[in-house]
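**Student:**
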Amino acid sequence: MKNTTSIKENELFQKVMNKGTWYGGDFLSVFILKNGLEQNQIGLAIGKKVGKAYKRNKVKRYIRQAYSVLEQEMTYGYSIVFVWKSKAEYDNVDYDAIYKDVSKTLKKAGILN
2 MKNTTSIKEN ELFQKVMNKG TWYGGDFLSV FILKNGLEQN QIGLAIGKKV GKAYKRNKVK
62 RYIRQAYSVL EQEMTYGYSI VFVWKSKAEY DNVDYDAIYK DVSKTLKKAG ILN
């Protein structure tokens with residue numbers, strides 16, 4: 002992820018989630034807000050209801066990998082927060098399903114060319 006930084010501050014997470022535009026997918030809810038920078042910012046929020054830490058980290062790795070593959074085709078200048086839907090099934094989810102969901106929601110948002 003060359004042109005992307007991580008969102009680590011709670012205030013920025015809250016700002017993106019409250020003022021940003023929501024786009025829903027099968028597994029993910031995506032909140033997007035213009036940030037006025039020349040790079041994107043990405044944040045991941047996966048609750049404890051998903052499961053143990055190794056399952057949450059696996060889901061995060063899949064989302065980051067899908068994002069990094071799609072990053073070359075994106076428009077820059079946005080803060081993006083991916084939130085895993087608590088009712089989404091995580092046991093049988095593989096990388097391909099998450100990749101399709103990420104690309105579908107980013108296309109819906111209009112930042113993926």
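FYI, the numbering for the sequence shown is 2 to 114, going by the numbering used here. Virtual Cβ for every residue (Gly too), placed ideally from N, Cα, C.
Roughly how many whole angstroms lie between the Cα atoms of residue 4 and residue 40?
**Tutor:** Taking the first residue of the sequence shown as position 1, residue 4 is located at position 3. Taking the first residue of the sequence shown as position 1, residue 40 is located at position 39. Distance between the alpha carbons of residue 4 and residue 40 is about 5 Å.
**Student:** Contact check, residue 79 vs residue 35 under 8 Å by CB: the rounded distance?
**Tutor:** Locating residue 79 in the sequence shown gives position 78, counting from the first residue. Locating residue 35 in the sequence shown gives position 34, counting from the first residue. 6 Å between Cβ atoms; contact.
**Student:** For residue 34, which residues does DSSP report across the bridge?
**Tutor:** Mapped onto the sequence shown, residue 34 falls at position 33. In DSSP, residue 34 forms a bridge with 80.
**Student:** Quick one: complete beta strand (DSSP E) runs, 3+ long, within the stretch 54-111?
**Tutor:** Here the runs fully enclosed are 79-85.
**Student:** Rounded to a whole number of angstroms, what is the C-alpha to C-alpha distance between residue 83 and residue 94?
**Tutor:** Within the sequence shown, the letter at position 82 stands for residue 83. Within the sequence shown, the letter at position 93 stands for residue 94. Answer to the nearest angstrom: the Cα atoms are 16 Å apart.
**Student:** Secondary structure at residue 41, three-state DSSP: helix, strand or coil?
**Tutor:** Here residue 41 refers to the residue found at position 40 of the sequence shown. Residue 41: strand per DSSP, three-state reduction.
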